[in-house]
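To start, the structure itself, in structure tokens.
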């Protein structure tokens, strides 16, 4: 089963192609992150670190705040909920 990817282009033209959050992260990971996080910002950072390899994380870490917020909103969306269903 091929999972749909989220495609984002930053304001400077950098392209980020990743699987949607709901396809990458497992419930168990999210539960552990939420239990260990002191606040929502810490949980978000831990989630991003858990989801991406170092190269992708470094790209995301260097985004402008505007690009970061837009990326996160899009990445957290559903994607195509019918992919993989018969």
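Residue numbers (my numbering): 30 to 115.
For every residue, glycine included, the Cβ atom is placed at its ideal position computed from N, Cα and C.
Would you list the residues sitting across from residue 35 in a DSSP beta bridge?
Residue 35 pairs with 47.
Residues in its own chain within less than 8 Å of residue 86 by CB, not counting five upstream and five downstream?
77 and 78
Beta carbon of residue 81, beta carbon of residue 37: below 7 Å?
For residue 81 and residue 37, no; Cβs fall outside 7 Å.
Considering only the beta carbon of each residue, do residue 62 and residue 75 sit closer than 7 Å?
Going by C-beta atoms, residue 62 is nearer than 7 Å to residue 75.
Could you work out which residue in 96, 98 and 34 is closest to residue 46 when comparing CA atoms only?
Ranked by Cα distance from residue 46, the options 96, 98 and 34 are led by 34.
Residue 106 versus residue 66: straight-line alpha-carbon distance, rounded:
22 Å
Start and end residues, alpha helix (DSSP H) containing residue 74:
69-80
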